[in-house]
Structures are given as C-alpha cells and as structure tokens.
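In what follows, a structure is listed as structure tokens, so that the remarks can point back to it.
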Amino acid sequence: MKYCTVCLQPDTRPNIQFLENGICPACNYFDKLKEVDWQERFEILEDILGSYKRGPGKYFDCIIGVSGGKDSTRQALWVRDKLGINPLLVCLSYPPEQITQRGTNNISALIENGFDVVISSPAPGVWKKLVKEAFLSFTNWAKATELALFSSVPQLAIRYNIPLILWGENPGLQLGDMKTLGRTGYDGNNLRYMNTLSGGGLDWMLETGIDPKHMIPYQYPTPEEFKHHNLQIVYLGWFLGDWSVANNGLYSAVNGLEIRIDSVENTGDLAGVSCLDEDWVTLNQMIKYYKFGFGKTTDFVNEEIRFGKISRDQGIELIQKYDGCCSDEYIASFCEYIEITVEDFWKQVHASVNSELFDVTKDGKILPKFRVGEGL
Ligand SMILES: [Zn+2]
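Per our numbering: the sequence shown = residues 79 to 454.
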C-alpha cells in the first residue's frame, strides 16, 4: 500500500493508477485546474445545452438524478437558475424502512423550490432480499441497490425521451476510477465501467430466486440502448471549479438543505453533508475501510488538502481518528432490517477484512497494520 505524495489517497482504491512521480490522478487533475479557462468551459456547456434544448411540445431540457443531497441540490439549482434550463429531477427512493425523515424533507424542499421530481420506488420486498443477499455474499449490502440508483436515471431518460443526462462528479478525474474516463472531461457515457456498476453483473441476483421481471430497476441500460435513444451523460463537475463535498454542502445548505447533526464519531463524515437520506451507507463506508484501508474521511480530507484548507499532516490526524467510524445504532438498525444478529454482522465483517492491511484481534478489534500517509 502506497499513498499519494500530495494527498492521502492510497493506491488500494479500485481501478486507480498513480503517475510515475507518485502522485494520484485526482491530484494531477486538480493541479491542472489552475490553467483552466472556466469561461471557456462555461461556453462549452452552454453549447451542449443549446444543442439539447427542448423543442416544440417538450417541457424538459435534461434529466438529473437527485437524492436530495448536497450534490444534486447544487446541480439542480445551478442549471436552472444560472443556465436557465428546465431539468426533470429523478429520485430513486429508498424503501420506508431505510429512508430518513431528513431525506424526505430534502426532496420536499426541492419540490417546494419549484422543481418537477419523478420518484421511483423499487418494490421494498425485493430490495430487502437483495440487500441481505449482497451483505451475506459480498459484505456489501449496496451492491444491487447502487445499480438501481444509477440505472433509474438513464431508464427514466429513455421513458421520458429526454436524451441529455447531467451527472455531478466525474469519478475518473475527481476520484481516480480511470475506467470511467470518456472522450472528453465531461463525457459521462463510460460511467457504466465504474467499479460500482461493472462488478458482478446480474447473475448473483438471479441466483437468489427473485423473478427476473422484478430486476428491471436494477438493470443499467445497455450501450445499444444508449445509442438508440441518443443518450448523453455530461459531468457537471467538469464545469465547476469549486466542486467539492464542502462547497456543494455549503451551497446547498444555504438553499434549505437539512444536514446531519450526528457527531463525526458516528459517521466519519467531517462535514455532515453526505448520505443524508439514509444511515447505512455509513456502515458500508466502514466496511470499505476494512477492505481497502480508506473510507469517507479519506475522501473528504483529500479534497480539503487539494484546496489547501488543511495540511497533509492535519489530514493524517483526522483520518487516524475518524476513518471507518460508524455508530453502533446504525449497525443495530441494519441488523434488525436484514434480520441477523449484531454478532453475525461482525462475524461477516471480520471474514472480509483485508488481512494484508489489518489484524483482527481475539476480542474482535480491527487494527491497521499500515500507517496513514506512509502505507505498508
Ligand atoms: Zn493525491
């Protein structure tokens, strides 16, 4: 395990490749942003939007997937108020057992802000079964439901005949998942190759015995369907020089976004602005930390280092303190939902800990072998 020499990105992130000088692709991208002509990029965006502008009889110019969180709230407001276009917002709703009141309030706030929102809710029984199977087979409860989150947007773009999809972050440039890079910095049609979407396929879901017709929400449209319907995903993050967790959170909070009041010890979330609509992504971030040696705190700290808001040493301290944190309450409510004991939860987590990176002690503690910032 090696760390980027500028930020605290480890090379254990799936699909990442550091540059020869030991710098991670996200830092390299950020460094190049200094030379970017933002006005030029804004004009490129205006051209793209102009070419997709709604014709007669059409009401929407583009479609945006929203969770009611910081990124989607910022995107929706920005494209409507700054660019004067009319987006249809699509929200894939968590089932009643999972969604938080805060999440519901944030979607309501978008509707009250004057947006049209289509809410898609996959059958809760199938969802629950897939969450349980994914956790027991991969120690990643979100393996199927993330597919539904991503798929709902192009699926509804096809259904509503709106070819332009605006997406937020470019996972290739902004996180380092290089398989997603497209023809240009804003072309998002390779999003399908990101680690989340490309691993595993549907086979394991079919093996659960769920009727294939209930799997429709979990199927990302094929490249042929994209072509047939002329779908184009455009990353908005490429056009916004100040795209970051903290900035999007700030922008959205002043526009009515309800944020978390949890302690950082409960969530590993230093800004309190992520995963507002449910609580179990936090436990998945904890598990991700035990699998790859980095979690939510690392992602946040890296952005702050690049923006010069904190030093690398300060970042190390924060990561050591908070990465992998998750409230016992969230673990308990998750176990109750998928009907397993907390003991079984930990048995499953312990079995999936990356033994190259961590030791599991006899009393169940998981201790890193690596040093943050130095590696192994
Ligand atoms: Zn870096």
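Backbone N, C-alpha and C fix where the C-beta goes; we use that ideal spot for every residue, glycine too.
- DSSP places TYR313 inside the beta strand (DSSP E), whose first and last residues are 310-313.
- Around the Cβ of SER129, a 10 Å sphere holds fewer than 16 other Cβ atoms; the residue is exposed.
- Note that the stretch 189-198 touches the stretch 158-171; at least 3 beta-carbon pairs, one per stretch, sit closer than 8 Å.
- DSSP, reduced to helix, strand and coil, places ARG449 within a strand of the structure shown.
- Note that the C-beta distance between SER322 and ASP357 is not below 8 Å.
- Counting only runs of 3+ residues, the beta strand (DSSP E) found wholly inside the stretch 130-175 occupies 140-143 and 165-170, in chain order.
- Judged by the Cβ position, GLN392 fails to qualify as a neighbour of ligand 1 at the 7 Å threshold, every heavy atom of the ligand being at least this far.
- Placement of the Cβ of ASN380 at a distance of less than 7 Å from at least one heavy atom of ligand 1 is found.
- The C-beta separation of GLY315 from GLY246 comes to about 5 Å, placing the pair in contact by the 8 Å criterion.
- Going by C-alpha positions, PHE423 is about 51 Å away from GLU121.
- In the three-state scheme derived from DSSP, where H, G and I count as helix and E and B as strand, VAL359 is classed as helix.
- For LEU244, the uninterrupted beta strand (DSSP E) segment begins and ends at 242-245.
- A Cβ-Cβ contact shorter than 8 Å links PHE304 with ASN267.
- In this structure, CYS403 places its C-beta atom within 8 Å of the C-beta atom of VAL342.
- In the DSSP assignment, ASP437 falls within the unbroken beta strand (DSSP E) covering 436-438.
- Secondary structure note for ILE197: its beta strand (DSSP E) is the uninterrupted segment 194-198.
- Within the same chain, Cβ atoms closer than 6 Å to the Cβ of GLU175 are found at TYR415, the five residues on either side in sequence being excluded.
- For VAL427, the enclosing alpha helix (DSSP H) begins and ends at 420-430.
- Collapsing the DSSP output to three states places TYR271 in a helix.
- With a cutoff of 7 Å, VAL84 counts as near ligand 1, since its C-beta is closer than that to a heavy atom of the ligand.
- Beta-bridge annotation (DSSP): TYR81 is paired with PRO88.
- ASP265 carries a strand assignment under DSSP once its states are collapsed to helix, strand and coil.
- For GLN95, the Cβ stays outside the 7 Å cut-off from all heavy atoms of ligand 1.
- For ILE444, the secondary structure class from DSSP, reduced to helix, strand or coil, is strand.
- Put simply, the backbone Cα of LYS210 is about 20 Å away from that of TYR367.
- In this structure ILE418 is not in contact with VAL431, their Cβ atoms being roughly 18 Å apart against a cut-off of 8 Å.
- Beyond the five residues adjoining it in sequence on each side, LYS447 comes within less than 7 Å, by CB distance, of LEU435, PHE436, ASP437 and LEU454 in the same chain, given in chain order.
- Counting only the Cα atoms, TYR271 lies some 6 Å from LYS257.
- In this structure, ILE397 has its CB at a distance of at least 7 Å from all heavy atoms of ligand 1.
- If you compare the alpha carbons of LEU328, ASN362 and GLY334 with that of ASN344, the shortest gap goes to ASN362.
- Taken through DSSP and simplified to helix, strand or coil, LEU396 comes out as helix.
- Annotation for ILE388 indicates a beta carbon at 7 Å or more from all heavy atoms of ligand 1.
- Between the alpha carbons of LYS148 and SER215 lies a gap of roughly 31 Å.
- Annotation for HIS307: no alpha helix (DSSP H) segment contains it, and DSSP assigns it neither H nor E.
- Cα atoms of MET293 and ILE383: separation of roughly 41 Å, rounded to the nearest angstrom.
- Straight-line measurement puts the Cα of VAL332 at about 25 Å from the Cα of GLN117.
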